[in-house]
RNA sequence: GGGCGGAUAGCUCAGUUGGGAGAGCAUCGGCCUUACAAGCCGAGGGUCACAGGUUCAAGCCCUGUUCCGCCUACCA
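In the numbering used here, the protein residues as written are 305 to 1190.
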């Protein structure tokens, strides 16, 4: 294989090639059983109807980083992929398809319709899986699951039956959230509330004799057609001695009772409340307390029922207008006020929700929630960042029963049958043939299906083969981590906790890492209607997957939203390219050999190995704690500013053989080592480019995914942080920077070689600079460098100060005295500010007495250092000013 | 109504034990220096939202205020 690299990195064919390679080599595969440490993550299953958006991109990048990192560390990693059947959403998609063909599901029939959905799924469902692959996701694809698969359906059924037998599932008539468009009940969570400008209408319900009556206030006048009472607070003095105990319901001219209930807020409106038990949860409760009949005036299709009299068949919003118009004409509309109130919408189709009385199935949530609550409180499951714990507690502590039945066709049909003869309810694992009570064979299966979230609540164990006792479960349950957005903390995470604890007797995951939302660059939520959506696939096309992934990781700080803009991705593409070119340069010097580090190392060699050891340690620490951004930016800093900017430049003479063969050998060895380790460290973040370079790097075999993860602890790795080399290198870099600074400020072209003199009272420093003379001269572009004890300042020279040393650059004929004076003055001002701050501390007796000794010593040292520096600069400035006037 | 988060350089944000205010981008100046102009070298830029408090010491801890964002709620 050629070791030549192209001048710029071209991601597209590289990505495709390596992804296929990884799959072919089975590098994503988990072992059912292994000596290795187990690490597992189940993917938050995207909707089978879904297309990849920024949220998925972030979510899966983070999971992939964790999984690739753990694999490199030698763990047996299972990343379980799959999709969710998304009952309502999928049914909607196929129904739209039918509509375009001029038919609908009722014409087709249930069985045929389900077939159609499966067909749709085969053809176009699961598109998102391919898109995840283009993100580089290293899921164990051979294990891909779907919530409607046979195995998972069995798990669903088992759970339903057992919960029913445990008394945790019941059926009953309650007010639920009804979506008239999707034609199904929804859980409370599935209703999205939005503040809307609306009105509060005051309507007079006259007494039977037509006299004054009671005026009520309502935001939904159409529901009055289902009113069965008017309520007032028993304490309300305005309604103490009424001439009648009934009023006439306008428009329908029906007598309804006046009831007294303390629920009524006397301060709201007129203190009169219309009661519609069939269309309002509160009214339903009041109705129960007072034995009121429930009248359903709005049907399941959102149109008025026969109970609505002449309004029958009218759409509910049309009816509102008609009712208001009629009331107005009859003089019963007393007044209209503006009112902001929140209106519930269907989270799937955004239709206004209708609270509706209906026979549904519910999960009794409290007993399950208590366990889920305890597991986080006692730390069996950790939520990261911690602030989400409160949100989790808050919800579980106030949980209400969960409506799980949906009046759609696509989903797990509820395994319940009613005997037509004796009305016995049968809930069973196997379809019953006859009624166990009366023996009748006339059994009718419940037509409702279960909420999709019911099946996804089982995901961590149903995907691993439960209810069978599989080896997979034994190896990987509880999973190590769950990575998810906070928007499904309740929908999914809390419910998985409840189900996992109930059925597996253990939490479903050790850690829950909750990441933020991806927003646009102005912090707005991305949405199609706003037109600010950035398509991840387009980003990948334009910048490459690695650049995109690195951007996501670098911005994924805990507890803060990720603001995404293409410009940022572009910035990180530059980083990928930088790495690419560093590799290109390195490979020119590495040729075929895979050298071993031996012999005496140069200072830059020692330094870069120490820095490598540090970044290795810190990346490990950061990833273990889910500080993705810190890990990413630490690597960025190391690769670009330490490896490329300093090490490669410093190592050039040695690499080009200008310092002898031995130096060339050892610098090659160090270069190889640093590049190799960097590739491994970077691989979880940017898998493609690292794999590509890995294969060009001599001395590597197979995939970088099979590499041994480096460690920076010296013991096992041979490299360790080395504070002394770092300090020495810092001094050297300080001298170089000092000269460069003078160059920059004096506008001296880089092509001009300079002389420099360093004066230092410190013998060790003089020796160091003397020893590294060549390196310094090279990087600072000096033609001579003299090292001496402090003495006379060379005439017409610019000065830089490094600790106790002075760096002079003689600029005979070049120096601009004005400029140099200004430069020094600026430096003085800066120093004075710092010194005065430190003096203030040192003059404070309390500080000296109470602060820890090491802090005091540090401040003292700093103060004296800066004071000395100040003195030197001032004397130089004086000389410059003399020279200026001379 | 309840709760949570945020306010730090022009922009986007780090700042995980209270002791140095930092990065990237943008800006300005200089460079085609044999990996990279998608680059290199250098520079400027801050009342850490506001007001108090604790402390020898506060971006960080406490109290209050303002403004943004989000979640939650049976507000007719």
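Don't be surprised by glycine CBs; every beta carbon is placed ideally from N, CA and C.
Remember, it's a predicted structure, so these values are computed and weren't measured experimentally.
If you check the beta carbons only, do residue 1135 and residue 1174 fall under 8 Å apart? Counting from one through the first chain, the residue named residue 1135 turns up at place 831. Counting from one through the first chain, the residue named residue 1174 turns up at place 870. Yes. Within cutoff.
So, with DSSP's three-state summary, where would you put residue 648? Position 344 of the first chain holds residue 648. Residue 648 falls in the strand class under three-state DSSP.
Quick one: complete alpha helix (DSSP H) runs, 4+ long, within the stretch 346 to 424? 358 to 376, 391 to 404, 409 to 412
At what residues does the alpha helix (DSSP H) containing residue 878 begin and finish? Taking the first residue of the first chain as position 1, residue 878 is located at position 574. 870 to 894 is the span of the alpha helix (DSSP H), which, as asked, contains residue 878.
What does the Cβ neighbour count give for residue 704, buried or exposed, with the cut at 16 atoms within 10 Å? Locating residue 704 in the first chain gives position 400, counting from the first residue. Exposed, since its Cβ has fewer than 16 Cβ neighbours within 10 Å.
Whole-angstrom C-beta distance between residue 719 and residue 461, which should lie under 8 Å: One-based indexing of the first chain puts residue 461 at position 157. One-based indexing of the first chain puts residue 719 at position 415. At roughly 5 Å, the Cβ-Cβ gap stays under 8 Å, so residue 461 and residue 719 are in contact.
Spatial neighbours of residue 1045 in its chain, beta-carbon cut-off 7 Å, leaving aside the 5 residues before and after: Working through the first chain from its first residue, we reach residue 1045 at position 741. Cβ neighbours of residue 1045 beyond the five flanking positions: 1104.
Rounded to whole angstroms, what is the Cα-Cα separation between residue 1052 and residue 1106? Translated into the one-based positions of the first chain, residue 1052 becomes position 748. Translated into the one-based positions of the first chain, residue 1106 becomes position 802. Those two C-alpha atoms are separated by around 21 Å.
Residues that DSSP places opposite residue 722 in a beta bridge: Here residue 722 corresponds to residue number 418 of the first chain, with the count starting at 1. According to DSSP, which records beta bridges pairwise, residue 722 is partnered with 729, 748.
Check whether the Cβ atoms of residue 1016 and residue 1027 lie closer than 8 Å to each other. Looking up residue 1016 in the first chain gives position 712. Looking up residue 1027 in the first chain gives position 723. Not closer than 8 Å, so no.
Applying the criterion that 16 or more other CB atoms from any shown protein chain within 10 Å of the CB defines a buried residue, is residue 442 buried or exposed? The residue you call residue 442 lines up with position 138 of the first chain. Residue 442 should be labelled buried.
The stretch 969 to 978 / the stretch 881 to 888 touching (three or more Cβ pairs under 8 Å): no
Alpha carbon to alpha carbon, what distance is there between residue 765 and residue 486? To locate residue 486, count along the first chain from 1; it is residue 182. To locate residue 765, count along the first chain from 1; it is residue 461. For residue 486 and residue 765, the distance between alpha carbons rounds to 30 Å.
Assign residue 404 to buried or exposed, taking buried as 16 or more other Cβ atoms, counted over all protein chains shown, within 10 Å of its Cβ. For the purposes of this step, residue 404 is taken as the residue at position 100 of the first chain. It counts as exposed.
Using the C-alpha atoms, what's the distance from residue 336 back to residue 850? Stepping through the first chain from its first residue, residue 850 is reached at position 546. Stepping through the first chain from its first residue, residue 336 is reached at position 32. Cα to Cα, residue 850 sits roughly 30 Å from residue 336.
With distances taken between CB atoms, is the gap from residue 619 to residue 606 smaller than 8 Å? What you label residue 619 is simply residue 315 of the first chain in a count that begins at 1. What you label residue 606 is simply residue 302 of the first chain in a count that begins at 1. In this structure, residue 606 lies closer than 8 Å to residue 619 by Cβ.
Quick one: any contact between the stretch 506 to 518 and the stretch 661 to 677, if contact means 3 or more CB pairs under 8 Å? no
Assuming contact is defined by CB atoms lying nearer than 8 Å, are residue 762 and residue 716 in contact in what I supplied? As a working mapping, residue 762 is identified with position 458 in the first chain. As a working mapping, residue 716 is identified with position 412 in the first chain. Cβ atoms of residue 762 and residue 716: not closer than 8 Å.
Through-space distance from residue 942 to residue 1022, alpha-carbon basis: Residue mapping note: residue 1022 aligns to position 718 of the first chain, counting from 1. Residue mapping note: residue 942 aligns to position 638 of the first chain, counting from 1. So the alpha carbons of these two residues sit roughly 19 Å apart.
Assess contact between the stretch 901 to 915 and the stretch 942 to 957, defined as three or more Cβ pairs (one per stretch) separated by less than 8 Å. Is contact present? yes
Counting along the chain, where does the alpha helix (DSSP H) carrying residue 908 start and finish? Here residue 908 refers to the residue found at position 604 of the first chain. Element bounds for residue 908: 907 to 928.
Around the C-beta of residue 306, are 16 or more other C-beta atoms found within 10 angstroms, so that it is buried, or is it exposed? Taking the first chain and counting its residues from 1, the one referred to as residue 306 is at position 2. With a pLDDT of 46 at residue 306, under the threshold of 50, the predicted position of this residue should be treated as unreliable, though the coordinate-derived value follows. Exposed: under 16 other Cβ atoms inside 10 Å.
Out of 503, 581, 673, point me to the one whose CA is closest to residue 527's CA. Translated into the one-based positions of the first chain, residue 527 becomes position 223. For the residues 503, 581, 673, the minimum Cα distance to residue 527 belongs to 581.
Alpha carbon to alpha carbon, what distance is there between residue 656 and residue 612? Indexing the first chain from 1 puts residue 612 at position 308. Indexing the first chain from 1 puts residue 656 at position 352. Cα to Cα, residue 612 sits roughly 20 Å from residue 656.
Look at the Cβ atom of residue 858, then the Cβ atom of residue 936, and state whether they are nearer than 8 Å. Translated into positions along the first chain, residue 858 becomes position 554. Translated into positions along the first chain, residue 936 becomes position 632. It is a contact, given that the beta carbons lie within the stated cut-off.
What's the C-alpha gap between residue 594 and residue 435? Within the first chain, residue 594 is the residue found at index 290, counting from 1. Within the first chain, residue 435 is the residue found at index 131, counting from 1. Looking at the two C-alpha atoms, the distance is approximately 57 Å.
Thinking C-beta only, is residue 366 closer than 8 Å to residue 860? For this step, residue 860 is matched to residue 556 along the first chain. For this step, residue 366 is matched to residue 62 along the first chain. Cβ distance < 8 Å, so residue 860 and residue 366 count as in contact.
Measure from the alpha carbon of residue 1187 to the alpha carbon of each residue in 1123, 396, 1162, then state which is nearest. If you number the first chain from 1, residue 1187 lands on position 883. The candidate whose alpha carbon is nearest that of residue 1187 is 1123.
Would you report the Cα separation of residue 579 and residue 479, rounded to the nearest angstrom? One-based indexing of the first chain puts residue 579 at position 275. One-based indexing of the first chain puts residue 479 at position 175. Answer to the nearest angstrom: the Cα atoms are 14 Å apart.
Pick from 1014, 829, 1138, 875: whose alpha carbon is nearest that of residue 923? Indexing the first chain from 1 puts residue 923 at position 619. Taking only the C-alpha atoms, the option nearest residue 923 is 1014.
Touching or not, the stretch 552 to 564 and the stretch 627 to 644, by the rule of three or more beta carbon pairs under 8 Å? yes
Residue nearest to residue 906 in terms of C-alpha spacing, selected from 407, 985, 1078: The residue given as residue 906 occupies position 602 in the first chain. Of the candidates 407, 985, 1078, the one whose C-alpha sits nearest the C-alpha of residue 906 is 1078.
Tell me which residues share the same chain as residue 297 and place their Cβ nearer than 8 Å to its Cβ, disregarding the 5 neighbours each side in the sequence. The structure shown does not extend to residue 297, since the chain is modelled only from 305 through 1190, so no value can be given for it.
Checking 8 Å against the spacing of the C-beta atoms, do residue 985 and residue 1001 come in under that value? For this step, residue 985 is matched to residue 681 along the first chain. For this step, residue 1001 is matched to residue 697 along the first chain. Cβ distance not < 8 Å, so residue 985 and residue 1001 don't count as in contact.
Assigned secondary structure, residue 316 (DSSP; H/G/I helix, E/B strand, else coil): Numbered from 1 along the first chain, position 12 holds the residue referred to as residue 316. Residue 316: helix per DSSP, three-state reduction.
Bridge partners of residue 1112, per DSSP? Counted from its first residue, the first chain places residue 1112 at position 808. In the DSSP output, where bridge partners are listed per residue, residue 1112 has 1061, 1103.
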